[in-house]
Structure formats: structure tokens, C-alpha cells
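Quick note, the sequences are listed as chains B and C, same order.
Residue numbering for the first sequence follows this note's numbering, starting at 99 and increasing by one per position.
Residue numbering for the second sequence follows this note's numbering, starting at 99 and increasing by one per position.
Even glycine gets a Cβ: it sits at the ideal position worked out from N, Cα and C.
Report on the following structure.
2 protein chains.
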Amino acid sequence: MAANSRLAVAAHIVAVLASKRDEFVSSAYVAASVNTNAVVIRRILCALTKAGIVTGEKGKAGGSKLLRCPDEITLADLSKALGEEHLFAIHKNPANPKCRVSCHMKEALGKAFSRAEKAAEAQLREVTVSELLAA
Amino acid sequence: MAANSRLAVAAHIVAVLASKRDEFVSSAYVAASVNTNAVVIRRILCALTKAGIVTGEKGKAGGSKLLRCPDEITLADLSKALGEEHLFAIHKNPANPKCRVSCHMKEALGKAFSRAEKAAEAQLREVTVSELLAA
DNA sequence: CATACGGTAACTATAACGATTACAATTAAG
DNA sequence: CTTAATTGTAATCGTTATAGTTACCGTATG
């Protein structure tokens, strides 16, 4: 399947909230901007709420708004809030104990992938929501 | 779906070939090391062949072997050979023309993701198959 | 010719994702 | 008090990618 686009949607959501700061914005409004269903938005908002990035108000005139300045929210924060851990996957097949290569492979790959993921994360940390809006 | 582990399997395959240099290794042998079906191995070997990393010989006593030194093959080469392009995905929903944020979002995200992907790729380029074997 | 391979097509099972419907709880407005 | 709007969730469905599997053809070896 197509790789998951939740980080992109989360960034879009937060950008919309940032563009209407200090207002409560409904999930329906955000959904219209992203062009998807409001529930998809609310699911991601839920994760962002748990991470302390946004807050939600129920009831009529409810909605969501940012808890932090848009220039203090980075893509890395959003990625972490979504619990997206690994960009690379290692095959789950058990190692073949008869094969020396097989026994060492996963550990070696894990280290290499971890370095690459950290490098990517460092770049995500350099991009704030404010910058996304300004572009 | 589980994130795709083809890069990990490709690395495993090439490591096995590197551990038996100058021999033709059958897909069945590699499959035993990876603990999967030989066809899965052959599918990936096919991509590596097209990329000029390995060569295959049909017929009895056939198999695959490396065309390059293991210390000149990096994880980035393998990733490229597999045609793995994007670590991050952007939502496909069309932009809402009425919303300024929506109209600019994908372009801004594209640039940010591209930087992060390049950073990850740079790290993959630092890891050779030799190093994976030595670990 | 028999055997052991690679290459490839076809099919299945599984899993993740996104979209959607539905509904309880909550809050503001009239 | 009633109504309307909204969040937060659960449940379901269709789509899609992956991995695994079976099957078959072509080819090289002996």
C-alpha cells in the first residue's frame, strides 16, 4: 500500500490551526482544507492532544486550537506525537542459526537503519509549522 | 500494513553472496538464510541484477554472485536498486482551492520531506555490505 | 535425457490505511 | 428545557502493498 501519510496530514492540520490562532477550529473545517473526512482529522487530533500540542473543546462552538507557538512545533514533534517510529523495517523471519550471516544481520541492519532514521529526524526537527505556513 | 522490509532482505541477500564470493549461490541457499521462500529472494535478486549489482546464471549449477566488491556496495545502492523512493508520503487528496493553507501545504511538505530523505540516504551511503558482514 | 537452477506469472492471506457511518457525551444558544 | 453543533470513539468497508506459495517455462550441466 502507499506509505502512510499521517505525518503530512498532521502537519496540514496544525498549519490550519496556526493560520487561525486563538480560535477554536472545528474538525469539519480542517477536513475541508485537507479534503478528507472529519473523522480522519479527529483521529490525528486525538494523538496531537495526547502529546500536548493541541487542545480540544467539546460542544457547540467547540473545536481545537494550538497549545504552543507554531514556531516551536516541528515536524519531528508531530512525528513523535503520532508514534511513528521506524522509516525502515527489518524482516521478521527468524534467523537461521546454522548461518553466521543470518545471525548477525538484523543487529547490524538495526544499527544502520537507526542512524539513518536519526539523520532524517534531525532534518524534521529543523522545520517548524511557521515555516510551512510561510512557504 | 507492516512497513516494507525489502531493503533489509536485499542487504541480507547481498551479505550472503559476499560471504561466498566467487561462487554461484542458489536462491534456495539464500532463502534458507533469510528463512523465506526462494521466490521472494529471486524477486529481489531480479531488481539487483537490473541494477548491475549481481549477476545470475541459469541452469544446473547456476545461481547468483556479486558483480562488485562488497565494500563498494552501500545500503543506498540497494535502496536505489529496489526503486524505493519515498520514506514519507504526502496525502493525495486534492488541495482545496478556497484555502490558502491547503494550496501551499504539499509543496512545503515536499521540500521538507525531501531534505529528510536525503539526510537518511546519506547515512545509508555510509554503510557498506562489508561493514554489515563484519559487525 | 534428467536434473537443478533462474525467471516469471498467478494466486492467496494478511495487514495497514483511509473513508465512512453511527452514536454517546458535552456544550452553547435560543 | 430543547435544539444544534461539536468532540471522541467504535465499527465497518474497500483498496492496496507485501510476503508467501504454487506452478511452469527455459536453460545449462552432466
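- Pairing V107/C with H189/B gives a Cβ-Cβ distance under 7 Å.
- Relative to the Cα of E229/B, the nearest Cα in the group P168/C, F122/C and V199/C belongs to V199/C.
- Here S125/B has A136, I139 and R140 as same chain residues with Cβ atoms under 6 Å from its own Cβ, once five neighbours each way along the sequence are excluded.
- DSSP links G161/B through a beta bridge to E155/B.
- Residue pairing by DSSP places V123/C opposite S162/C in a beta bridge.
- DSSP places R140/B inside the alpha helix (DSSP H), whose first and last residues are A136 to K148.
- Non-local C-beta neighbours of D175/B in its own chain, meaning closer than 7 Å and more than five positions away in sequence, comprise I151, ordered along the chain.
- With the rule of 3 Cβ pairs closer than 8 Å, the region 165-183 of chain C counts as touching the region 105-120 of chain C.
- For the 7 Å CB-CB criterion, T134/B and N194/C do not form a contact.
- The C-alpha of C167/C lies about 22 Å from the C-alpha of A159/C.
- Rounded to whole angstroms, the separation of the alpha carbons of A210/B and A232/B is 35 Å.
- For the region 173-186 of chain C, the set of positions with a beta-carbon nearer than 7 Å to some beta-carbon of chain B reads L173, H184, L185 and F186 in chain order.
- With the criterion set as a beta carbon lying under 7 Å from some beta carbon of chain B, the members of the region 101-123 of chain C are A101, N102, S103, L105, A106, V107, A109, H110, A113, V114 and S117, in sequence order.
- With 16 or more other CB atoms across the displayed protein chains lying within 10 angstroms of its CB, A214/B is buried.
- Linking V227/B to E182/B through their CA atoms gives a straight-line distance of about 18 Å.
- A distance below 8 Å between beta-carbons, with the five flanking residues on each side excluded, links V123/B to the following residues of its chain, in chain order: V114, L115, G161, S162 and K163.
- Of the residues A187/B, A218/B, S131/B and G157/B, the one whose Cα lies closest to the Cα of M203/B is A187/B.
- In its chain, beyond the 5 residues on either side, F122 and G161 have a beta carbon closer than 7 Å to the beta carbon of E155/C.
- For S117/C, same chain residues with a beta-carbon under 7 Å away, outside a window of 5 residues either side, are L231 in chain order.
- Between L185/C and L180/B, the gap from beta carbon to beta carbon reaches 7 Å or more.
- Chain order gives the chain C residues near R213/B as Q221, where near means a beta carbon separation below 7 Å.
- Distance between E170/C and L146/C, taken at the CA atoms: about 14 Å.
- Residues of chain B with a Cβ closer than 8 Å to the Cβ of I188/C are, in chain order, S103 and A106.
- Taking all protein chains in view, the Cβ of C197/B is crowded by 16 or more other Cβ atoms within 10 Å, so the residue is classified as buried.
- The alpha-carbon of A149/C is positioned some 53 Å away from that of D120/B.
- The Cβ-Cβ distance between A218/B and A217/C falls below 7 Å.
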